[in-house]
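Visitor:
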Amino acid sequence: MTKLRSVAAVLAASSTIATVHGFAPPSTIGVSSVQNISPQHVAAARSTFSSTTRALTSLLAEKKKEGLDRKVSNKLLTETIAPFRGLRLFLYASFASGAFVGGLITASGVAAALSGVREDLDLNAEYLNMAIDFGAVAVFGILAKFDLDGNAKLTAAVEEKVERTKAQKKVRASMREREEQFRELNINVRVTEDGGMKMAPVGVMQENAKQHVILVAGPGRAIRDALRGAQLNKVNFAMTNILVVPYETGIDATERAAKPDGGGFGDARPSYETQPYVAEPVGDGWEEFIAAEMDTAADQAGEKVQDEGIALVIANDGKVLRRGVGKVPWRQMVDELEEAVTGEKKEGSVPMLLDFME
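Residue numbers are given in the numbering used here: position 254 of the sequence shown equals residue 254, and the series is strictly consecutive.
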């Protein structure tokens, strides 16, 4: 704003000088001075004027880009929600002022009657009129107070909603960033019937193998329940190219690496953990990614997510379709992915109600 004022002052001074010279009487000295102006001086003047104009245009563009002040925009939004509040307050003030003036006039008449100056007034009628006038002032004042209190509450609600909207935009932006980060994470995929594994980035599996991903994260109990439920829908997973990626929270990298792989004697793993559609998260980045998702879920659904876990449905184009908390509704998730791929809503599908963020 200071720069804008400085540029405006320079332009104003230049205009003033030009005006003064324009109305000044001609002189031989002035004529000779004009005749002695070189092309270099003209070019320098043009360059200075052009740079000043560009600076002013840039500042105006920045000011326009910033938009309205936050308080002004909130006030406009409040007036949009309650457009007649200002008119009501004006009418309250007008009527109260008229009643107050009328009450003062009536009070002066009563004072004159009580002092004996006027004997033609009915004091009972004057008392009634004065009570009506000042009573109207009190009523309009109370109505204005109610309206002002309502305006204060509405303003606070608008400001809270605006701040919540800004926070949600930041959350969505961070979610979009995590979608890109998710594509770079590595998973071990079963490629042979005897359980042979091959590591690949999630993005490669999505692009080349057209695999959708359902990520389940939570404590061990939540992961076991989710994988048992997934085992009942494994046919649907095979038909729709779905990979289930379980991530158990509450354990460190050492405990995660010490889990049996099912290849040795006495270290057999449950069948629901070794299904072809189950991929294992490996490598760096998973802990930070899951922690960020859990924090976002906790902000939306409370601390229960630490015990119940979360589930993410990610299509093969990298877009996160759903984020859910609690027990995983596998059937609904499969239907959601089919609808995303085909663009048609499946008959008999049940809408997911466990979303904490679209």
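Here a beta-carbon is modelled for each residue, glycine too, at the ideal position from N, C-alpha and C.
If you draw a straight line from the alpha carbon of Gly135 to that of Glu160, how long is it in whole angstroms?
Guide: Walking along the sequence shown from the start, residue 135 turns up at place 135. Walking along the sequence shown from the start, residue 160 turns up at place 160. If I take the Cα positions, the gap works out to 38 angstroms.
Visitor: Check for me: the alpha helix (DSSP H) holding Ala96 runs from which residue to which?
Guide: Start at 1 with the first residue of the sequence shown, and residue 96 comes out as number 96. Taken as a continuous stretch (DSSP letters only), the alpha helix (DSSP H) holding Ala96 covers Arg85 to Leu114.
Visitor: Who are the Cβ neighbours of Gly102 in its own chain at under 8 angstroms, not counting the five residues just before and after it?
Guide: Reading the sequence shown from its first residue, position 102 is the one you call residue 102. Here the set comprises Asn129 and Asp133.
Visitor: Given Arg88, which residues of its chain have a CB within under 7 angstroms of its CB, disregarding the five upstream and five downstream residues?
Guide: Walking along the sequence shown from the start, residue 88 turns up at place 88. The beta carbon of Arg88 sits closer than 7 angstroms to the beta carbons of Asp147 from its chain, once the five residues preceding and following it are set aside; these are given in chain order.
Visitor: Taking 9 angstroms as the threshold (C-beta atoms), are Tyr247 and Leu215 in contact?
Guide: In the sequence shown, counting from the first residue as 1, residue 215 sits at position 215. In the sequence shown, counting from the first residue as 1, residue 247 sits at position 247. Result yes, Cβ atoms of Leu215 and Tyr247 sit closer than 9 angstroms.
Visitor: Starting from the C-beta of Val305, find all residues in its chain whose C-beta is less than 7 angstroms away, skip the five residues before and the five after it, and write them out in chain order.
Guide: Sequence index remark: in the sequence shown, residue 305 carries index 305 (1-based). Only Met294, Ala297, Ala298 and Val325 meet the Cβ criterion.
Visitor: Could you tell me the boundaries of the alpha helix (DSSP H) in which Ile290 lies?
Guide: As a position in the sequence shown, residue 290 is number 290, starting the count at 1. Trp286 to Ala301 is the extent of the alpha helix (DSSP H) around Ile290.
Visitor: With DSSP collapsed to three states, give me the class of Tyr247.
Guide: The residue you call residue 247 lines up with position 247 of the sequence shown. If DSSP states are grouped into helix, strand and coil, Tyr247 belongs with the strands.
Visitor: If you draw a straight line from the alpha carbon of Lys71 to that of Gln300, how long is it in whole angstroms?
Guide: Residue mapping note: residue 71 aligns to position 71 of the sequence shown, counting from 1. Residue mapping note: residue 300 aligns to position 300 of the sequence shown, counting from 1. Distance between the alpha carbons of Lys71 and Gln300: 27 angstroms.
Visitor: To the nearest angstrom, how far is it from the Cα of Asp194 to the Cα of Lys170?
Guide: As a position in the sequence shown, residue 194 is number 194, starting the count at 1. As a position in the sequence shown, residue 170 is number 170, starting the count at 1. Roughly 45 angstroms separates the two Cα atoms.
Visitor: Tell me whether Leu312 sits in a helix, a strand or coil according to DSSP, three-state version.
Guide: Sequence index remark: in the sequence shown, residue 312 carries index 312 (1-based). The answer is strand: DSSP assigns Leu312 an E or B state.
Visitor: According to DSSP, what are the bridge partners of Met199?
Guide: Along the sequence shown, read from residue 1 onward, the residue named residue 199 stands at position 199. In the DSSP secondary-structure assignment, Met199 is bridged to Asn188.
Visitor: Using three-state DSSP, classify Ala82 as helix, strand or coil.
Guide: Taking the first residue of the sequence shown as position 1, residue 82 is located at position 82. Coil.
Visitor: Assign Arg322 to one of three DSSP states: helix, strand, or coil.
Guide: For this step, residue 322 is matched to residue 322 along the sequence shown. The answer is strand: DSSP assigns Arg322 an E or B state.
Visitor: My output table needs one value for Gly218: the three-state DSSP class, helix, strand or coil.
Guide: Counting from one through the sequence shown, the residue named residue 218 turns up at place 218. Three-state result, Gly218: strand.
Visitor: Could you tell me the boundaries of the beta strand (DSSP E) in which Val282 lies?
Guide: Translated into positions along the sequence shown, residue 282 becomes position 282. Residues Glu280 to Val282.
Visitor: By Cβ distance, which residues of its chain are closer than 8 angstroms to Trp286, with the 5 residues on each side in sequence left out?
Guide: Within the sequence shown, numbered from 1, the residue matching residue 286 stands at position 286. Result list for Trp286: Leu185 and Tyr247, in chain order.
Visitor: Where Leu312 and Lys75 are concerned, what is the direct C-alpha to C-alpha distance, given to the nearest angstrom?
Guide: As a first step, residue 312 is located in the sequence shown; it is residue number 312 there, counting from the start. As a first step, residue 75 is located in the sequence shown; it is residue number 75 there, counting from the start. Computed Cα separation, rounded: 39 angstroms.
Visitor: Please check the pair Thr249 and Ala217, which I expect to be a contact at CB under 8 angstroms, by giving their CB distance rounded to whole angstroms.
Guide: Translated into the one-based positions of the sequence shown, residue 249 becomes position 249. Translated into the one-based positions of the sequence shown, residue 217 becomes position 217. Right, the Cβ-Cβ distance comes to about 6 angstroms (below 8 angstroms), so this counts as a contact.
Visitor: Could you check what DSSP says for Val213 in three-state terms: helix, strand or coil?
Guide: As a first step, residue 213 is located in the sequence shown; it is residue number 213 there, counting from the start. Correct three-state label for Val213: strand.
Visitor: Does Val191 pass the burial test, meaning 16 or more other C-beta atoms within 10 Å, or should it be called exposed?
Guide: Taking the first residue of the sequence shown as position 1, residue 191 is located at position 191. By the C-beta density criterion, Val191 is exposed, having fewer than 16 other C-beta atoms within 10 angstroms.
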